[in-house]
Each structure stands twice: as structure tokens, then as C-alpha cells.
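Okay, so here's the structure we're looking at.
There are 2 protein chains.
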Amino acid sequence: MENNSDLFVKMSLQSWETTNKRVTGLLDQLTDDQLLAEIAPGRNRGIYLLGHLIAVHDMMQPLLGTGERIYPHLEDIFISQPDRAVEELSAVKTLREQWNHISALLTEQFNKMSAADWFQKHTAVSEADFAKEPQRNKLNVLLSRTGHLSYHFGQLILLKK
Amino acid sequence: MENNSDLFVKMSLQSWETTNKRVTGLLDQLTDDQLLAEIAPGRNRGIYLLGHLIAVHDMMQPLLGTGERIYPHLEDIFISQPDRAVEELSAVKTLREQWNHISALLTEQFNKMSAADWFQKHTAVSEADFAKEPQRNKLNVLLSRTGHLSYHFGQLILLKK
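Protein chains in written order, with numbering that gives the first Met the number 0: chain A, 0 to 160; chain B, 0 to 160.
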């Protein structure tokens, strides 16, 4: 079973990439007006969910130790505050570009990481806690964010006519 | 890295169980009337998504080789056909019981599997294809179904007031 680590990292990355590509494919199909609509009456708008995903994915960089965030200003608008709390959301066009940019950047960074890198602790866990709970590694961040992305993909798809 | 196989099987199972528990917690909060409502205007009803998840999870048994399906009749109603195609859906009460039953049954079966078991091929892939694509193993079924569950969880949560 000596190659299982490589295999599992490959499976996890494939799962992330597949989900990402589905979301990108959906975004490409949705018009700006559709993205400005609510996923259901009284619920988040598509544009808010898009900004939320960009902000959460951007935050994976410091968490995995691959770089600093490139859109730190999005945290307040799209993570700390609910939809409509802030009047001025970034324009849809800008968010579309940021989604494509962060997706490509993360793919590039992930492909440089070795299987051993993925089994190291992520930066939000202490050495002591990691010694007790070795599953709190970088790969777990990837699995968890893939689930988060699937969750919101299930909502964004409701914008499609 | 000799214990990594055990570790990522543990991580994958934890991810599955966590998502499952969130869905169960949500179902326990939703009334029958809420489950009979649409997640968004003109979209699937909660009861359809619940039946769909039960049918898909039940199918994991033959796919992983842990047993035969216990609710094979749900496939036609909740997988092959869209919501409202079949008039008579199982009653909400029955579906709630089936959800709890299949969830407990899968947990029991999964906990009996060794790390080596999870890296074996699932039953829907041939030996020849598996030799070329070793990522088509049982663990990949688990990762994929966890993503599927997250996707529909993101929709079911819209039923909550």
C-alpha cells in the first residue's frame, strides 16, 4: 500500500477540481441578472454566494501555507456579514474574474504540493493539537472546502432557468 | 507515512459522518409540512430529495460490496424519475425512518471495513479499468457520495424557516 498516499491525494484533488469545474461551468451559463437574483425567496443572492466562495477559497492560501490572501477585503463583505448588510458589493464582472483567478492560482499551488505536504498540519492548528489529532492536516482542509463548495453549488444551480 | 492509509480513511469517514449528522439534525428540525414544500418555486420538494438521498445511499451497499439494497423500489421513484412524475411518494414518516435506518446501517458496515478494503475496486468498475485507474476504488465512492450529500444539504436547508 506504499502508493496509497499519492493515490488519495490524487483522488482528493480530482474531487476538488471536478466540483470547481462544475461551478465554473454553471457561472459561465448564468447571466449577470441571474447572479443578482436570490437562490430562493428571501435567501442569499447568487452574487453573494460567488463572493463568499472566492473569499473562502482565498483564505485557503494562508491556511495551507501556500501564500497570502489576494482579496482580503472580501472577508468582511462575504464572510463576516450576511447578504445585503453591505450596500456595495463588488460588480459581477469583477467577481467573475476573481473566481477564475483564484481557481487557477489554487490549482497551480496544489499541483506543486507533494503527498507529504498534504499530510502536514494546516496553519490554524497548534503543534500540540496536531500531535493528538493528525487528521487536522492540509488534506482535511481540502476535503472540507470541497464539501463547502458542493453545498453552495447545490444552491447556485437553482439560479439556472 | 506508514499510517497514512488509516488516517485518510478516518478523515473520509469523518467527513461522511459529519455531513450525515448535519442532514439528520436538519431533518429532525423540519416539520412534515416543511418537507412537503419546494426548496424554491418550481423546484424539487424536500420529500423528493429525502427519498433521493435514501435511494442513492442504499445503492452504496452493492457498489461497495457490503450488502444488497434494502429499498430497491425507491430507485424508480427517486432516481429514475423527477419529482412529481410518480403520484404516490412514500409517506414522510416512512422516509424519515428509512433515512435513519440506512444511515445507521452504512455506519455499521463502514466501521467494519479496513483501510485495505477501501482501496479495493468498487463493483461498477472492471478489473482491467481498475488496473489503469486505481483511484476508482471504494473510498472514491465515499468521497463522491459525501459531495452529493453536501450538494443536496445546501438545498434542504432552504426549507428551514
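Even glycine gets a Cβ: it sits at the ideal position worked out from N, Cα and C. Computed from a predicted model, the values in this text were never measured in an experiment.
- Residue range N3 to Q28 is occupied by the alpha helix (DSSP H) that includes B/M10.
- Counting the other CB atoms within 10 Å of its CB gives B/G66 a total below 16, which places it among the exposed residues.
- Between A/Y47 and B/Y150, the CB-CB gap reaches or exceeds 8 Å.
- Neighbours of B/P133 in chain A, taken as residues whose beta carbon is under 7 Å from its own, are L6 in chain order.
- Sequence-distant Cβ neighbours of A/I101 in its own chain, meaning closer than 8 Å and more than five residues away, are I53, H56, D57, I69 and Y70.
- Within 7 Å of the CB of A/A39, the CB atoms of chain B belong to I38, A39 and L157, in sequence order along the chain.
- Within its own chain, the residues whose Cβ lies closer than 6 Å to the Cβ of B/L34, once the five positions on either side in sequence are excluded, are G45, I46 and V91, listed in chain order.
- Check the Cα spacing between B/L142 and each of A/D5, A/S14 and A/N3: the tightest is with A/S14.
- Contacts with chain A at 8 Å (Cβ-Cβ) include B/R42.
- Counting only the Cα atoms, A/R95 lies some 14 Å from A/L104.
- Distance from the CA of B/K137 to the CA of B/K9, rounded to the nearest whole angstrom, comes to 14 Å.
- Between the alpha carbons of A/Q119 and A/P133 lies a distance of about 8 Å.
- As summarised for the region 47 to 117 of chain B, the continuous alpha helix (DSSP H) elements at least 4 residues long and confined to that stretch are 59 to 63, 91 to 111 and 114 to 117, given in chain order.
- Excluding residues up to 5 positions away in sequence, R44, G45 and L158 lie with their Cβ nearer than 8 Å to the Cβ of A/A36 in the same chain.
- Assignment of B/K131 by DSSP, reduced to helix, strand and coil, places it in the helix class.
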